[in-house]
Amino acid sequence: MGKTEAVVGADRQAAAEQIAEDFRAVNVALQRVSAPLWLKLGLTMAQLKALFVVHDAGTVCVGDVAAALGIGESAASLLVEQLVRAKYAERRPDPSNRRRVIVTPTQVAEKLIGELRHGRRQVLVEWLASLDDTEIDALLRGLGALAQASAPKPRAHTSTSVTADRGMVSGS
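Counting from 1, position 28 in the sequence shown corresponds to residue 1353 in the numbering used here; the numbering is continuous, with no gaps.
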């Protein structure tokens, strides 16, 4: 029996706490590596959030930016204008509705978001390269199981469902 099997068998809660702490430590180390890039952005938090909304949508109207951020359209329009001035976004009239404005990310934004998202990934890949095959196999199984456990669960389409094996009733 391996060390991890003995630990989990002895105290599952303590093992879960240790995993959570190790997960936090890895995230802190990744943040430490990527912090210099984030700190030199020169964007406010609101601008950065708007940039991610625009980038992730690809093409979005100002009203959708407002809805995604939970702010008014005038505030979203101001944020978009700031992104346009910083060369992170382009805006143009919607051909199907001239009252709407379409916003798209620029190549500068694409590059920046890529660096922000993938810089940490590259460091993680380098760290993983230092592990032996047994550690990689264990991590692959464990993180795969955690990813599956954390995935959104489909909701029932009925107003009330009964879980037969547990006898639980839930509303949706």
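Note that CB positions come from ideal geometry on N, CA and C, so glycine has one too.
Rounded to whole angstroms, the Cβ separation of V1387 and V1426 is 5 Å, and the two are in contact under 8 Å. Beta-bridge analysis with DSSP links T1429 to E1415.
The beta carbons of L1404 and A1375 sit closer together than 8 Å. Around the CB of P1477, fewer than 16 other CB atoms lie within 10 Å, so the residue is classed as exposed. Following the DSSP letters along the chain, one finds L1362 inside the alpha helix (DSSP H) bounded by residues R1337 to L1364. Annotation: S1399 to D1381 spans about 21 Å, alpha carbon to alpha carbon. Contact between the segment 1438-1452 and the segment 1344-1363 is present: three or more C-beta pairs spanning the two stretches fall below 8 Å. Ranked by how close their Cα comes to the Cα of L1373, the residues R1423, I1344 and L1437 have L1437 in first place. Within the same chain, and ignoring the five residues on either side of A1411 in sequence, no residue has its Cβ closer than 6 Å to its Cβ. Note on A1454: under 16 other CB atoms within 10 angstroms of its CB, so exposed under the neighbour-count rule.
Measuring C-alpha to C-alpha distances from L1471 to each of L1368, N1422 and F1348 identifies F1348 as the nearest. Per DSSP, reduced to three states, the secondary structure at R1423 is strand.
Annotation: the continuous alpha helix (DSSP H) that includes K1374 extends over M1370 to A1382. In the assembly as shown, A1345 is an exposed residue. Its beta-carbon has fewer than 16 other beta-carbons within 10 Å. In the DSSP annotation of this structure, the continuous segment of the alpha helix (DSSP H) that includes I1461 starts and ends at D1458 to S1475. For V1385, the beta-bridge partners assigned by DSSP are V1428.
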